[in-house]
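Structure, as structure tokens:
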Amino acid sequence: MVNEDSTAFLESILGKTLHVTIEDGRLLVGTFKATDQEANIILSNTFEYRKPSAKEEARVLAEAANAKEGAKPARADMSQRYIGLVTVGGDHFRRIELEDKVFPGQSLPTRSKT
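Straight run, no breaks: the sequence shown in UniProt numbering ends on number 114.
Structure below.
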């Protein structure tokens with residue numbers, strides 16, 4: 001039996017941009033297209049963002065520690081790539097956020113992984 005409130009909610013976010021954090025720390029940002037009973041989701045026009053490597057973080061921290069007052073701030077940017085259409089398995093995402101309704105400390109509810 002399908003919960004009518006759940007169905008209405010999912011229909012209301014179709015075509016909107018989601019930020020999906022998956023278990024290995026990558027962030028996927030794309031347009032929500034579909035889901036299924038196993039909680040897999042399909043995103044289109046998706047970009048993947050990765051945190052800087054440990055080596056890059058160490059380099060930036062060392063640079064910041066040795067920086068003179070007034071110097072430009074040290075930065076370690078996330079890498080990004082366009083991956084297009086992607087399916088994210090229901091067992092692999094850790095957090096889902098709706099782009100136009102993201103508030104600090106809040107995310108869309110997900111079912112517990114048991």
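Glycine included, C-beta positions come from ideal geometry on N, C-alpha and C.
This structure is a prediction, so every number in the text was calculated from the model and none was measured.
Residue i to residue j span [Cα, whole Å]
{"i": "D91", "j": "T21", "result": "12 Å"}
{"i": "M1", "j": "E23", "result": "With a pLDDT of only 45 at M1, under 50, the local geometry of the prediction cannot be trusted, and the value read off the model is given with reservation. So the two alpha carbons sit approximately 29 Å from each other."}
{"i": "R26", "j": "G70", "result": "33 Å"}
{"i": "S12", "j": "P52", "result": "34 Å"}
{"i": "G15", "j": "S44", "result": "9 Å"}
{"i": "K72", "j": "N66", "result": "12 Å"}
{"i": "M78", "j": "K68", "result": "25 Å"}
Same chain only: Cβ atoms within 7 Å of residue i, ignoring 5 sequence neighbours per side
{"i": "F9", "result": "none"}
{"i": "E38", "result": "G90"}
{"i": "A62", "result": "none"}
{"i": "A64", "result": "A74"}
{"i": "E57", "result": "A76"}
{"i": "A80", "result": "Per the sequence presented here, residue 80 reads as Gln, with Ala not at that position. Correct list, in chain order: F47, E48 and Y49."}
{"i": "R94", "result": "T21, I22 and E23"}
6 Å Cβ shell around residue i - same chain, five flanking residues per side excluded
{"i": "V29", "result": "H19 and F47"}
{"i": "I41", "result": "T35 and V88"}
The ligand ADP heavy atom lying under 8 Å from the CB of residue i
{"i": "A34", "result": "Ligands displayed in this structure: none; no statement on the ligand ADP is therefore possible."}
Three-state class that DSSP yields for residue i in the structure shown
{"i": "E97", "result": "strand"}
{"i": "V102", "result": "The pLDDT assigned to V102 is 49, lower than 50, so where the model puts this residue is not dependable; a value taken from the coordinates is nonetheless given after this. In this structure, V102 counts as coil in the three-state DSSP scheme."}
{"i": "L85", "result": "strand"}
{"i": "L14", "result": "coil"}
Contacts around residue i, its chain only, beta-carbon distance under 8 Å, and the 5 residues preceding and following it disregarded
{"i": "E99", "result": "K16, T17, L18, H19 and V29"}
Contact with chain C by residue i, beta-carbon distance below 9 Å
{"i": "A64", "result": "Absence of chain C from the displayed structure is noted, only one protein chain being present."}
- prompt: Quick check: the segment 79-97 against the segment 32-42, are there 3 or more CB pairs under 8 Å?
  reply: Counting Cβ pairs under 8 Å, three or more are found: they touch.
- request: Run through the segment 27-80 for me and flag every whole alpha helix (DSSP H) of 4 or more residues, listed as ranges in chain order.
  value: With a minimum length of 4 residues, the continuous alpha helix (DSSP H) runs that stay inside the segment 27-80 are 54-65.
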